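**Student:** Let me begin by handing over the structure; questions about it come next.
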Ligand SMILES: Cc1cc2nc3c(=O)[nH]c(=O)nc-3n(C[C@H](O)[C@H](O)[C@H](O)COP(=O)(O)O)c2cc1C
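In this note's numbering, the protein residues as written are 74 to 299.
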């Protein structure tokens, strides 16, 4: 495998929403999760918990969520909101633009509500990736441990990339916390924070080449005292 720098790895990683059916061996998955646990955490508390789903249980979660999606568009017992109510600009526009970039790549028009919904529903099968990951935190934690979890999931994505695997982080799973807990038999004390699809990317899929833009560093970084 060609060695690349951390910067190159950060630039290369993209969210992947179409996968091949090549399976991911359990030992490779565990290796990725273990290396990623070198991510720092406040007080070295290491608050993350990971549930890895494949095969039958992943299918069951898909069936149970899709069954409820029509009547519960906002999910079932969501644990955390995906965005704050009334998301303001410039963030609102960035969010809209992000969707438009994806729908343009898929040639789904603005008024094609059904196709947009169907694309959204693919989240619930982890985009047919062979592995679905659910990341949870104990409900007693506070916001600072959510920062730790963010560092951990980015680490998982980068190590996965190094191993030739692709990923898509999925906030959508926190909306379906009630169903996730039911299917996996989790206690209410485990808060469903985020999910992630993982597998081998279909290199030809247009949806896997979105190259979502980033704002210029001057827009978010302020230098003080330089
Ligand atoms: C915490 C988090 C939650 C996300 N949730 C979803 C999701 O539910 N569904 C989805 O398709 N993409 C989701 N994404 C992917 C973002 O849309 C994506 O990271 C962003 O558009 C930038 O594109 P890139 O990852 O290809 O660089 C999520 C990303 C993050 C970091």
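A virtual CB, placed ideally from N, CA and C, is assigned to each residue, including glycine. Note that the coordinates shown come from a computational prediction; the quantities given were computed from them, not determined experimentally.
Please work out which residues of its chain come closer than 8 Å, Cβ to Cβ, to residue 233, disregarding the five sequence neighbours upstream and downstream, and give them in chain order.
**Tutor:** Taken in chain order, the residues that qualify are 105, 239, 240, 271.
**Student:** Would you call the segment 208-215 and the segment 111-124 touching, i.e. three or more CB-CB distances under 8 Å?
**Tutor:** The segment 208-215 is in contact with the segment 111-124.
**Student:** Would you report the Cα separation of residue 275 and residue 92, rounded to the nearest angstrom?
**Tutor:** Each residue's Cα considered, the two are about 5 Å apart.
**Student:** Should residue 117 be listed as close to ligand 1, given that the test is whether its C-beta is under 6 Å from any heavy atom?
**Tutor:** Not so, every heavy atom of ligand 1 lies at least 6 Å from the Cβ.
**Student:** Is it the case that the Cβ atoms of residue 204 and residue 127 are separated by a distance below 7 Å?
**Tutor:** Yes, they are a contact pair.
**Student:** Residue 169 lies in the alpha helix (DSSP H); which residues open and close that run?
**Tutor:** Run containing residue 169: 164-178, per the alpha helix (DSSP H) assignment.
**Student:** Assuming residue 152 contacts residue 265 (C-beta within less than 8 Å), just tell me the rounded distance between them.
**Tutor:** Right, their Cβ atoms sit about 5 Å apart.
**Student:** Closest by CA to residue 170, which one among 100, 107, 237, 284?
**Tutor:** Nearest C-alpha to residue 170: 284.
**Student:** Going by the beta-carbon positions, is the gap between residue 249 and residue 130 smaller than 7 Å?
**Tutor:** Cβ atoms of residue 249 and residue 130: not closer than 7 Å.
**Student:** Along the chain, where does the beta strand (DSSP E) containing residue 266 start, and where does it finish?
**Tutor:** Per DSSP, residue 266 belongs to the beta strand (DSSP E) from 263-272.
**Student:** Between the alpha carbons of residue 260 and residue 229, how many angstroms are there, rounded?
**Tutor:** In a straight line, the C-alpha of residue 260 is about 24 Å away from that of residue 229.
**Student:** Does the beta carbon of residue 191 fall short of 6 Å from some heavy atom of ligand 1?
**Tutor:** Result no, Cβ not under 6 Å from ligand 1.
**Student:** How is residue 202 classed by DSSP in three states: helix, strand or coil?
**Tutor:** Coil at residue 202, not helix or strand.
**Student:** Any chance the CB of residue 281 is under 6 Å from a heavy atom of ligand 1?
**Tutor:** No.
**Student:** Just confirm the distance between the C-beta atoms of residue 115 and residue 217, as a whole number of angstroms; I'd bet it's less than 8 Å.
**Tutor:** Indeed, because the Cβ distance is near 5 Å, the residues count as touching under 8 Å.
**Student:** So, helix, strand or coil for residue 225, using DSSP?
**Tutor:** Correct three-state label for residue 225: helix.
**Student:** Comparing alpha-carbon positions, which option in 188, 164, 178, 226 lies nearest residue 277?
**Tutor:** With distances taken between Cα atoms, residue 277 lies closest to 178.
**Student:** For the beta strand (DSSP E) containing residue 123, list its first residue and its last residue.
**Tutor:** It spans 122-126 - the beta strand (DSSP E) in which residue 123 sits, taken as one unbroken run.
**Student:** Going by other Cβ atoms of all chains shown within 10 Å of its Cβ, with 16 needed for buried, is residue 159 buried or exposed?
**Tutor:** Burial call: exposed.
**Student:** Output needed for residue 252: all residues of its chain with C-beta closer than 6 Å, excluding positions within five of it in sequence on either side, in chain order.
**Tutor:** Only 137, 138, 149 meet the Cβ criterion.
**Student:** For residue 220, count neighbouring Cβ atoms within 10 angstroms of its own Cβ and tell me buried if that reaches 16, exposed if not.
**Tutor:** So residue 220 ends up on the exposed side.
**Student:** Indicate whether residue 281 and residue 243 have their beta-carbon atoms separated by less than 7 Å.
**Tutor:** Their beta carbons are not under 7 Å apart, which means residue 281 does not touch residue 243 by this criterion.
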